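Take a look at the structure below.
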Amino acid sequence: MVIVFTIFANIAHANTIGFADVVVEYFDSGNGSLSCPEGQGGVFPPPASSATCVPLSVVLGDDPGSTSDYLSLSTGSFITVGFTDDVILDGVGNDIFISEVGDAEENAEIYISSVLSTNTADFTFLGIANGNTVTSFDLATIGFTGQVRAVKIVSLENGGFPSAPGFDLANVEAINFSPVPVPAAFWLLGSALVGLGWVKRKQSFES
Ligand SMILES: [Ca+2]
Ligand SMILES: [Ca+2]
Ligand SMILES: [Ca+2]
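The numbering used here applies: residue 2 is where the sequence shown begins, and numbers increase by one.
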């Protein structure tokens, strides 16, 4: 089992407005084919018939070309992606699209959070995303009225094993969202510790 907790910059795709920006957490259950984050596309173009190691950034940004790069999440594996230059809001109709590019029975549980967090308690169950389709979600269906900054995808099946085991996540798209001003986005991107220090100093100057 491997647990990674870090913030990965989006290096694979340029268009991040309306799409996920960072990886907050990744968990590999060990039920896949390889001992690395696996999938297809990105900077490791593989033969179509086999899985290969991919950077987690394949799930960030959009997939503008004719083929999507994706991360295969085997049963029990999950990834949490964060939005930093935009936040998802409940608007008219659907608010979030989750794109799966496999062709087998591959579903995943989708959870959302208002904070970039690795704590399960911070997440609310939104629904089930299906395989070989783009599944749409409307925040209104669960009465979620806050901002969504993190989306967690937990794989339920291992369809496609061994070439693309489980839920093949191509991207996470925000349909209704609000852009975050650059300084605020920088704040979200991990300057929290620096910021806390600054607040403390500011308070001490004023006292
Ligand atoms: Ca974004
Ligand atoms: Ca909505
Ligand atoms: Ca992708």
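For each residue, glycine too, the CB sits at the ideal point set by N, CA and C.
Here the structure is a predicted model, which is why all the values come from computation and not from measurement.
Using only CA atoms, which one of Gly-161, Gly-132 and Glu-101 lies nearest to Asn-172?
For the residues Gly-161, Gly-132 and Glu-101, the minimum Cα distance to Asn-172 belongs to Glu-101.
Go through its chain and collect everything with a Cβ distance to Val-25's Cβ below 6 Å, but skip five positions before and after it.
The answer, listed in chain order, is Thr-81, Gly-83, Leu-117 and Ala-151.
Pick from Ile-143, Val-183 and Ala-109 that is closest to Glu-158, judged by C-alpha positions:
Here the closest residue by C-alpha is Ala-109.
Would you check if the distance between the CB atom of Ser-30 and the CB atom of Ser-78 is smaller than 9 Å?
Closer than 9 Å, so yes.
What residues are listed by DSSP as bridge partners for Phe-178?
Paired residues: Ile-89.
Select from Pro-182, Glu-174 and Val-181 the residue whose C-alpha is nearest the C-alpha of Val-19.
Before going further, note that residue 19 is Gly rather than Val in the sequence given. Of the candidates Pro-182, Glu-174 and Val-181, the one whose C-alpha sits nearest the C-alpha of Gly-19 is Glu-174.
For Ala-209, tell me which candidate among Asn-120, Phe-124 and Gly-103 has the shortest Cα-Cα distance.
Residue 209 lies beyond the range of the chain shown here (2 to 208); nothing can be said about it.
Near ligand 2: Val-25 beta-carbon under 8 Å from a heavy atom:
For Val-25, the Cβ stays outside the 8 Å cut-off from all heavy atoms of ligand 2.
Cβ neighbours of Thr-146 in the same chain (closer than 7 Å, five flanking residues each side left out):
Asp-91, listed in sequence order.
Pull every residue with its beta-carbon under 7 Å away from any heavy atom of ligand 2, and keep them in chain order.
Going down the chain, each residue whose beta-carbon is closer than 7 Å to a heavy atom of ligand 2 shows up: Asp-91, Gly-92, Val-93, Gly-94, Asn-95, Asp-96, Asp-139, Leu-140, Ala-141 and Asn-177.
Work out the CA separation of Asp-87 and Val-1 for me, nearest whole Å.
A question about residue 1 goes unanswered here, because the residues of the chain that appear run from 2 up to 208.
Looking at Asp-169: is its Cβ nearer than 9 Å to the Cβ of Leu-57?
Taking 9 Å as the Cβ cut-off, Asp-169 and Leu-57 do not qualify as a contacting pair.
Tell me whether the beta-carbon of Gly-42 lies closer than 9 Å to the beta-carbon of Ser-67.
No, the Cβ-Cβ distance between Gly-42 and Ser-67 is not below 9 Å.
Going by other Cβ atoms of all chains shown within 10 Å of its Cβ, with 16 needed for buried, is Ser-114 buried or exposed?
Ser-114 is classed as buried because its beta carbon has at least 16 other beta carbons within 10 Å across all chains shown.
Taking the straight line between their C-alpha atoms, what separation do you get for Asp-22 and Gly-62?
C-alpha separation (whole angstroms): 6 Å.
Contact under 9 Å by Cβ, Val-149 with Ile-97:
Closer than 9 Å, so yes.
May I ask you to report which of helix, strand or coil DSSP gives Thr-76?
The three-state reading of DSSP puts Thr-76 in coil, since its state is none of H, G, I, E or B.
Beta carbon shell of ligand 3 at less than 6 Å from a heavy atom:
In chain order, the residues positioned with their C-beta nearer than 6 Å to some heavy atom of ligand 3 are Val-59, Val-60, Asp-64, Ser-69, Asp-70, Tyr-71, Ala-171 and Asn-172.
Under a three-way DSSP split, which group does Leu-170 fall into?
Strand.
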